[in-house]
Amino acid sequence: MMVRRADPAQAAVRARARMVERLRAQGVRDEKVLAAMMQVPRHAFVEEGLAYSAYDDTALPIGYQQTISQPLVVARMIELLRAGRELGKTLEVGAGCGYQAAVLSFVATEVYSVERIRPLLDIARENLRPLRLPNVRLKCVDGSLGLPEAAPYDTIIVAAAAASIPGSLKEQLAPGGRLIIPLGAGEQRLVLIERQGNVFRETRLDAVRFVPLLAGTE
Ligand code: SAH
């Protein structure tokens, strides 16, 4: 009799395919985003003990009181930023474990991802290394000041919630560029900012829950 053995790699591929189907059912339409979510092994970005939940639609702890964002929120944010254009040069504020940076690497030309907690950035680096993504650069800085050295950015994605839009981020957005950021203290909402010349058009979107955007590095 043939015994079907559990193959963890195959199980992860199946779990990921189910996650992508769920994202579709939840309304994500951008095929390029869905394909990117299918590429990135999310289980490799969480502690071994949490790997079985990696493809559930929840945020998970990654240490240092931070979390890996929920798959739907990652997909939604990138879909909103892409709508009708390419992401181009992208700045991510809040690398965390590096998961979203990996997803972005499949849909953006260049990804600069910054994190204020140095040991967390080291974890992100370790997580990303085996994927050999040639277009992702990580840096330990306070991302509320942006990353002037590579500015301007066609896209800025902020993975932590602020009370207001940091001025540096608006300044570092290229004309025609888009920025998405969770705003609000108690109740948070995703806000999409589109820059046309020196006009910044804001659209308030989904209610969300993110960890706070904090100043300085540690
Ligand atoms: N994108 C991550 C989500 C990380 S949670 C993922 O895919 O898992 C948000 C991260 O933002 C946390 O790691 C937190 O430390 C970081 N953060 C908060 N304020 C920041 C700041 N001013 N600059 C850079 N990173 C910041």
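According to this note's numbering, the sequence shown holds residues 2 to 219 in order. Ideal Cβ positions, reconstructed from N, Cα and C, are used throughout, including at glycine.
If you draw a 10 Å sphere on the C-beta of T91, you find 16 or more other C-beta atoms in it, and that means buried.
In this structure, I63 sits away from E219, with a CB-CB distance that is not shorter than 8 Å. Within the segment 76-111, the alpha helix (DSSP H) runs of at least 4 residues that lie entirely inside it are, in chain order, 100-106.
Shortest gap from the CB of T68 to any heavy atom of the ligand SAH: under 7 Å. In the three-state reduction of the DSSP assignment, L148 falls in the coil class, being assigned neither a helical nor a strand state. Inter-segment contact for the segment 175-186 and the segment 51-61 is absent: fewer than three beta-carbon pairs are separated by less than 8 Å. If you draw a 10 Å sphere on the C-beta of D143, you find 16 or more other C-beta atoms in it, and that means buried.
At a Cβ-Cβ threshold of 8 Å, T110 and G95 do not count as neighbours. The count of Cβ pairs closer than 8 Å, one atom from the segment 34-48 and one from the segment 12-26, reaches three, so the stretches are in contact. Distances from the CA of R30 to each of A102, M78 and E116 were compared; the closest alpha carbon is that of M78.
Put simply, the backbone Cα of E32 is about 18 Å away from that of P42.
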